[in-house]
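Participant: Numbering (mature numbering (1 follows the signal peptide of the UniProt record, and there is no 0)), first residue to last: -18 to -1, 1 to 153.
All residues carry an ideal CB built from backbone N, CA and C; glycine is no exception.
1) Around the C-beta of residue 61, are 16 or more other C-beta atoms found within 10 angstroms, so that it is buried, or is it exposed?
2) Could you check the C-alpha separation between residue 78 and residue 27 for me, to the nearest Å?
3) So is residue 35 buried or exposed if we call it buried at 16+ other beta carbons inside 10 Å?
4) Starting from residue 91, trace the beta strand (DSSP E) in both directions and tell me its first and last residue.
5) Pairing CB atoms from the region 42 to 51 with CB atoms from the region 8 to 18, are three or more of them under 8 Å?
6) If we ignore side chains and look at the alpha-carbon of each, how far apart do residue 40 and residue 87 end up?
7) Under 8 Å Cβ to Cβ from residue 53, same chain only, skipping five residues before and after it: list those, please.
8) Between the alpha carbons of residue 64 and residue 12, how many angstroms are there, rounded?
9) Since residue 45 sits in a beta bridge, which residues does DSSP pair it with?
10) Quick one: complete beta strand (DSSP E) runs, 3+ long, within the region 52 to 92?
11) Classify residue 73 as buried or exposed, calling it buried when 16 or more other Cβ atoms lie within 10 Å of its own Cβ.
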């Protein structure tokens, strides 16, 4: 079984704040249990860099950020996952994942800029990584709806009994 990693990058669109970001490997296939390093090379002007993780069908989540490419700070549930680590040197901010698990299969974004970031709701493209065996994976998405209710034939005796009551007053 493989774990698929797709890594993307983004810079702030304002040219006064833009920095160059290079990620040499945009798609990586890793065996479960192996280690992987997602690389993110940034220019010297970078004052802030962050990694986001987007699992299939989920919104991107901030994993880790650093100012001036110094030691990064992991966020929320990522603080307690010892399998995640940072390898940052001058001009790079690499995310390493050891002993990969199926839950690591996701799209990872490296985002960099040369201003102090404000994270409200990151708007990133939606991609769908897949986790599969070595064999070809074929699938279909089905939208099943409940059938419309039909009139049901009542089970019962097929004999029909008619009765008639007449009243006459004989006076």
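Facilitator: Quick look at the numbers:
1) To locate residue 61, count along the chain shown from 1; it is residue 79. Flag for residue 61 reads exposed.
2) For this step, residue 78 is matched to residue 96 along the chain shown. For this step, residue 27 is matched to residue 45 along the chain shown. In a straight line, the C-alpha of residue 78 is about 23 Å away from that of residue 27.
3) For the purposes of this step, residue 35 is taken as residue 53 along the chain shown, with counting starting at 1. Residue 35 comes out buried.
4) Here residue 91 corresponds to residue number 109 of the chain shown, with the count starting at 1. Looking at the DSSP string, the run of the beta strand (DSSP E) that includes residue 91 is 88 to 95.
5) no
6) In the chain shown, the residue the question calls residue 40 occupies position 58. In the chain shown, the residue the question calls residue 87 occupies position 105. Cα to Cα, residue 40 sits roughly 12 Å from residue 87.
7) Sequence index remark: in the chain shown, residue 53 carries index 71 (1-based). For residue 53, where only same-chain residues beyond five positions count, the Cβ hits under 8 Å are 68, 70.
8) Translated into the one-based positions of the chain shown, residue 64 becomes position 82. Translated into the one-based positions of the chain shown, residue 12 becomes position 30. Computed Cα separation, rounded: 19 Å.
9) Translated into positions along the chain shown, residue 45 becomes position 63. Residue 45 is not bridged to any residue.
10) 66 to 71, 74 to 79
11) Numbered from 1 along the chain shown, position 91 holds the residue referred to as residue 73. Burial call: exposed.
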